[in-house]
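These protein sequences, in sequence, are chains U and R.
Residue 969 is where the first sequence starts when you use the working numbering, and the numbers rise one by one after that.
Residue 969 is where the second sequence starts when you use the working numbering, and the numbers rise one by one after that.
Heads up, the beta-carbon is just placed ideally off N, CA and C, and yes, glycines get one too.
Computed from a predicted model, the values in this text were never measured in an experiment.
Following: one structure in structure tokens, then a few remarks.
There are 2 protein chains.
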Amino acid sequence: MDDLEKYIVKRKGKSKKFAKNFEKGYESFKIGILLRQAREEVGVTQKELAEKLSTKKSAISRIENHAEDIRLSTLKSYLEALGKKLQINIQ
Amino acid sequence: MDDLEKYIVKRKGKSKKFAKNFEKGYESFKIGILLRQAREEVGVTQKELAEKLSTKKSAISRIENHAEDIRLSTLKSYLEALGKKLQINIQ
DNA sequence: ACTTTGGTTCACAAATAGGTTAACTTTGTC
DNA sequence: GACAAAGTTAACCTATTTGTGAACCAAAGT
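Structure follows, in structure tokens:
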């Protein structure tokens, strides 16, 4: 079980809603989970992050919970606002 | 000079149009260059790739040349159609 | 010179991501 | 319980990506 899976188990325990939504499809949630994990690691609230990105906390929440897809630029700026870097590899 | 840069030099030599467009901004072209490189490596034409993705060759060309941004799902399926895997890391 | 193949670009339509507001829930603290 | 802070969701709107067809160019082969 890797870190992401551990995190998912933890989050399922914390949020019944998440657990239910999660079953609808792993793939579509994977990126949101990754992003939430990154944000929590840094210890920033959705509101704080939203301000750095000149957007609203609701948009952040949507990305972390709902978003079926995301633009590469959004992904990048989200992470950069957390002081992280996005790395893309092709295998 | 890494592989990507080498490839860019090569492509600048082949296409004046590309060379000119490229100067307008590196960042926005980077992903397209990566994708073209991946496709050429496999030896697939834009038309062949388009068919696998149920789209048209013009859409492929746009992604490789013009596209300012791209959805994660598009990136993923493009690469998977080439038999490659997209790997995302956060640093 | 003509045709074919691979690629580029444009214009328009369709689909979808992201901005925004407002109402709501959850969680923690007093 | 009351309150505040953090997060969620829905609705609407706008901006952007992607689908599509057509016209075009360059290179290669006939």
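Query raised in the report: For a contact meaning CB atoms closer than 8 Å, what does L1040 (chain R) contact in chain U?
Result: Position 72 of the second sequence holds residue 1040 (chain R). Chain U residues near L1040 (chain R): I999, D1037, I1038, R1039, L1040 and L1043.
Requested in this report: Would you please state the rounded distance, in angstroms, between the beta carbons of L1003 (chain R) and E1032 (chain R)? I believe it to be under 8 Å.
Outcome: Against the second sequence, residue 1003 (chain R) aligns to sequence position 35. Against the second sequence, residue 1032 (chain R) aligns to sequence position 64. About 6 Å separates the CB atoms of L1003 (chain R) and E1032 (chain R); that is less than 8 Å, so the two are in contact.
**Report entry** Contact belief for K937 (chain U) with Q1059 (chain R) at Cβ below 8 Å, rounded distance in angstroms
**Finding:** Nothing can be reported for residue 937 (chain U): it is not among the residues displayed for chain U, which extend from 969 to 1059.
Query - Residue nearest to L1050 (chain U) in terms of C-alpha spacing, selected from U:G1000, U:I1038, U:R1030 and U:G1011 - result: Translated into positions along the first sequence, residue 1050 (chain U) becomes position 82. Of the candidates U:G1000, U:I1038, U:R1030 and U:G1011, the residue whose Cα lies closest to the Cα of L1050 (chain U) is U:G1011.
**Report entry** Continuous beta strand (DSSP E) stretch holding Q1055 (chain U): start and end
**Finding:** As a first step, residue 1055 (chain U) is located in the first sequence; it is residue number 87 there, counting from the start. Q1055 (chain U) -> beta strand (DSSP E) spans L1054 to I1058.
Query raised in the report: Taking 8 Å as the CB-CB cut-off, is Q1059 (chain R) touching chain U?
Result: Counted from its first residue, the second sequence places residue 1059 (chain R) at position 91. It does; some Cβ of chain U falls within 8 Å.
Query raised in the report: So what does R1039 (chain U) bridge to, in DSSP terms?
Result: On the first sequence, residue 1039 (chain U) is found 71 positions in, with the first residue counted as 1. Answer by DSSP bridge pairing, in chain order: R:R1039.
Query raised in the report: What number of angstroms, rounded off, separates the C-alpha of K974 (chain R) from the C-alpha of R1030 (chain U)?
Result: Numbered from 1 along the second sequence, position 6 holds the residue referred to as residue 974 (chain R). Numbered from 1 along the first sequence, position 62 holds the residue referred to as residue 1030 (chain U). Distance between the alpha carbons of K974 (chain R) and R1030 (chain U): 40 Å.
Query raised in the report: By DSSP, does L1003 (chain U) sit in helix, in strand, or in coil?
Result: Here the question's residue 1003 (chain U) lines up with position 35 in the first sequence. The three-state secondary structure of L1003 (chain U), taken from DSSP, is helix.
Query raised in the report: Quick one, are the C-beta atoms of I1038 (chain U) and L1040 (chain R) less than 8 Å apart?
Result: On the first sequence, residue 1038 (chain U) is found 70 positions in, with the first residue counted as 1. On the second sequence, residue 1040 (chain R) is found 72 positions in, with the first residue counted as 1. Cβ atoms of I1038 (chain U) and L1040 (chain R): closer than 8 Å.
**Report entry** 7 Å CB neighbourhood of K1015 (chain R) in its chain, flanking five on each side removed
**Finding:** Position 47 of the second sequence, counted from the first residue, corresponds to residue 1015 (chain R). If the five residues before and after K1015 (chain R) are omitted, its C-beta is found closer than 7 Å to the C-beta atoms of K1025, all from its own chain and listed in chain order.
Requested in this report: Just the C-alpha distance for A1006 (chain R) and E1019 (chain U), rounded to the nearest angstrom, thanks.
Outcome: Within the second sequence, residue 1006 (chain R) is the residue found at index 38, counting from 1. Within the first sequence, residue 1019 (chain U) is the residue found at index 51, counting from 1. Within the model, the alpha-carbon separation for A1006 (chain R) versus E1019 (chain U) is close to 37 Å.
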